[in-house]
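First residue of the first sequence? That's 1142 in my numbering, and the numbers climb one at a time after it. Glycine included, C-beta positions come from ideal geometry on N, C-alpha and C. Predicted model only: the values in this text are computed from it and were never measured. First up is the structure itself, then whatever we jot down about it.
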Amino acid sequence: MNKILQIYKLLYNEYGPQGWWPLIAYKNGKLTTKYHPSDFSYPKDTDQRFEISIGAILTQNTAWKNVEKALINLKKQELLNCKGIIEIKEEELKNQIRPSGYYNQKAERLKIFARWFSSLNHKPKREELLALKGIGPETADSILLYAYKIPSFVVDAYTKRILYGLKIIDKDSTYDEVKHLFEQNLPQDFRLYQEYHALLVEHAKRFYLKKKQDKEDFIKVSQK
DNA sequence: TTCCAGGCAATAC
DNA sequence: GTATTGCATGGA
């Protein structure tokens, strides 16, 4: 029995398809975050791959709601694309992304990423992404998985918290150790990876607000 | 008011 | 190599 796969099925049955990565789109007249559950045809073009990558950088240690504000600011001015980020002045970029926090460093990182992206003519490799200032393991894996459909499992603080709660990993497990644990116990399917990471985030968000009894129940079920 | 969110780089030891 | 610290807004 594969515990990793078992947890996935449990989460999927509980929460259903999550439709990550969200894109900014119009919904009855105004721009908002839009998910597309059970539709793996996204991203549809280069601009959407770029948008996902920018979102991955902006959401570092930041609530998505704040990132959404920043992305909408850019989208409204047709700046949510590689050319737009390259051409906008850095000081003005800081203003536009202010709601997402850490706006000084994030503006620099967006600029660096956009310049690199503009000359990209192949699917990026993990090492290339990690070499860019401002892109660490989680951001790199998010870009590979959600922008390029490459089955590279994304680990975040929630993932570790949940697995540590289940006593499947140690508290001091490294990023790569946890990543490999998932990758060695799952078929190499980008759809499964995309869904699984999103489900872990969704579960952690709800679950850590809920009462402790619910936590105990979840642990029991998943250890069967 | 305090705490923290879909991390990362720089610095300290 | 591992531990700590700065970065910043907005919502609970």
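Phe1294 is the residue among Lys1175, Glu1155, Glu1228 and Phe1294 whose C-alpha sits nearest the C-alpha of Asp1330. Residue pairing for Ile1165: DSSP places it in a beta bridge opposite Thr1174. Taking 8 Å as the cut-off, the beta carbon of Ile1198 is found closer than this to the beta carbon of Arg1250. A direct Cα-Cα distance of roughly 12 Å separates Lys1216 from Leu1234. In the DSSP assignment, Ala1248 falls within the alpha helix (DSSP H) that extends over Tyr1244 to Ser1259. The residue among Leu1304, Pro1240, Glu1318 and Leu1172 with its C-alpha nearest the C-alpha of Asn1207 is Pro1240. C-alpha of Tyr1334 to C-alpha of Asp1297: approximately 13 Å in a straight line. In this chain, Asn1326 is not harboured by any alpha helix (DSSP H), its DSSP state being neither H nor E. Ranked by how close their Cα comes to the Cα of Lys1346, the residues Trp1162, Ile1213 and Thr1300 have Thr1300 in first place. In this structure, DSSP gives Pro1240 a helical state, which the three-state scheme calls helix. By the neighbour-count criterion, in which a residue is buried when 16 or more other Cβ atoms sit within 10 angstroms of its Cβ, Tyr1167 is exposed. For Tyr1289, the CB contacts under 8 Å within the same chain, skipping 5 residues up- and downstream, are Arg1190, Lys1264 and Pro1265 in chain order.
Per DSSP, the unbroken alpha helix (DSSP H) holding Asp1282 starts and ends at Pro1278 to Ser1283. Secondary structure at Val1342: helix, using DSSP grouped into helix, strand and coil. Contact check for Glu1268 against Leu1221 fails: the beta carbons are separated by 8 Å or more. DSSP assignment within the region 1201 to 1229 yields the following whole alpha helix (DSSP H) runs of 4 residues or more, N-terminal first: 1205 to 1217 and 1223 to 1228. Residues Asn1326 and Leu1327 of the same chain have their beta carbon placed closer than 7 Å to that of Leu1146, with the five preceding and five following residues left out of the count. Taking one beta carbon from each stretch, the region 1269 to 1288 and the region 1304 to 1324 have 3 or more pairs nearer than 8 Å; the two touch.
Between the beta-carbon of Glu1231 and that of Lys1252 there is about 6 Å, and that keeps the pair under the 8 Å contact cut. At a Cβ-Cβ threshold of 8 Å, Tyr1287 and Trp1161 count as neighbours. Rounded to whole angstroms, the Cβ separation of Ile1284 and Leu1270 is 6 Å, and the two are in contact under 8 Å. Between the alpha carbons of Asn1245 and Thr1174 lies a gap of roughly 24 Å.
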